[in-house]
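*Asks:* So that you can map any letter, position 81 of the sequence shown is 81 in UniProt numbering, and since no number is skipped, the others follow by simple counting. For every residue, glycine included, the Cβ atom is placed at its ideal position computed from N, Cα and C. I am attaching a structure below and will ask some questions about it afterwards.
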Amino acid sequence: MVATTIPAETRVLLQNISWQTFKIMLAEMGSERNSRFAYDNGTIEIMNPLMPHENSNRLIEGFVVVLCEELGLEIRRAGSLTLTRDDLERGAEPDSSYYIQNEALVRDKENIDIATDPPPDLVLEVEYSRSAIDKFRLYAAMGVPEFWRYNGSVLRVYALEGRQYSETQTSPTFAPLSIKEIPRFIQQAKKDGEIATTRAFRAWVRQQISGIS
């Protein structure tokens with residue numbers, strides 16, 4: 001019997017595309033779509049998330065909210081906010097993005113423009129399959145302070161140092177908690193359910209906080 005792997009996302013590459021054409025595509029396709037776009041150096045990647053991808057994305061978002069609640073941090077969830085910089089001719093739509101440290105600066109904004117507003121404090125990319133676009137270079141150029149990448153089994157955390165990312169063992173936002181434990185809870189949700197696992201995650205966070213206080 002041959003095991004089959006269920007895909008988590010599909011990716012399409014378009015090359016030799018001008019920045020102006022990319023902006024037109026974004027405008028014409030609108031925001032009511034599931035696909036997510038990234039643009040760098042004339043290449044467009046269109047990613048279409050499937051169920052495993054979106055489920056992981058939503059679970060991690062729930063855990064991020066729990067972390068903020070338990071640590072007393074305010075948050076504004078920006079989802080797959082379209083991040084574009086005309087001066088850089090780069091654009092991306094992360095799976096999830098969050099304003100935490102700079103939440104107060106965008107709290108009442110209906111439209112966020114990172115040409116004048118701060119970029120999200122944290123972005124998440126769920127990548128069961130590797131993106132053809134260098135997301136490190138893309139988000140670093142936009143000045144995103146923290147970048148999480150989840151590949152279906154491991155969550156890696158990167159902090160912006162100068163103009164490039166360095167992998168770190170703890171999240172600058174949620175230090176000193178070990179958020180790299182999150183994949184364990186994603187797997188647990190498949191057995192125990194999302195609500196039960198979220199309760200277990202909250203209990204784990206509280207235990208970690210009490211251990212360091």
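Please confirm whether any heavy atom of the ligand ADP lies closer than 6 Å to the CB of residue 9.
*Replies:* The ligand content of the structure shown is nil, which means the ligand ADP is not present either.
*Asks:* Can you give me the C-alpha to C-alpha distance between residue 24 and residue 205, rounded to a whole angstrom?
*Replies:* In a straight line, the C-alpha of residue 24 is about 44 Å away from that of residue 205.
*Asks:* Mind checking which residues open and close the beta strand (DSSP E) that includes residue 91?
*Replies:* Taken as a continuous stretch (DSSP letters only), the beta strand (DSSP E) holding residue 91 covers 90–92.
*Asks:* Which of the three DSSP states is assigned to residue 101 in this structure?
*Replies:* Note: residue 101 maps to coil in three-state DSSP.
*Asks:* For the UniProt domain "Putative restriction endonuclease" (21–179), list the beta strand (DSSP E) runs that are entirely contained and at least 3 residues long, ordered along the chain.
*Replies:* The qualifying runs are 36–40, 43–49, 83–85, 90–92, 96–99, 122–126, 146–150, 155–161, 164–168.
*Asks:* Please report how far the alpha carbon of residue 10 lies from the alpha carbon of residue 31, in whole angstroms.
*Replies:* Each residue's alpha carbon lies about 19 Å from the other.
*Asks:* Quick check on this structure: which residue in 44, 118, 14, 90 has the alpha carbon closest to the alpha carbon of residue 76?
*Replies:* The shortest Cα separation from residue 76 among 44, 118, 14, 90 belongs to 118.
*Asks:* Just to confirm before moving on: does the CB-CB distance between residue 159 and residue 172 stay below 7 Å?
*Replies:* Yes, these two residues count as a Cβ contact at 7 Å.
*Asks:* Going by CA-CA distance only, name the one from 129, 188, 178, 72 that's closest to residue 59.
*Replies:* Of 129, 188, 178, 72, the residue nearest in Cα terms is 188.
*Asks:* Within 10 angstroms of the Cβ of residue 57, are there 16 or more other Cβ atoms? Answer buried if so, exposed if not.
*Replies:* When all chains shown are included, residue 57 counts as buried.
*Asks:* Can you tell me where the beta strand (DSSP E) with residue 9 in it begins and where it stops?
*Replies:* Unbroken beta strand (DSSP E) run through residue 9: 9–14.
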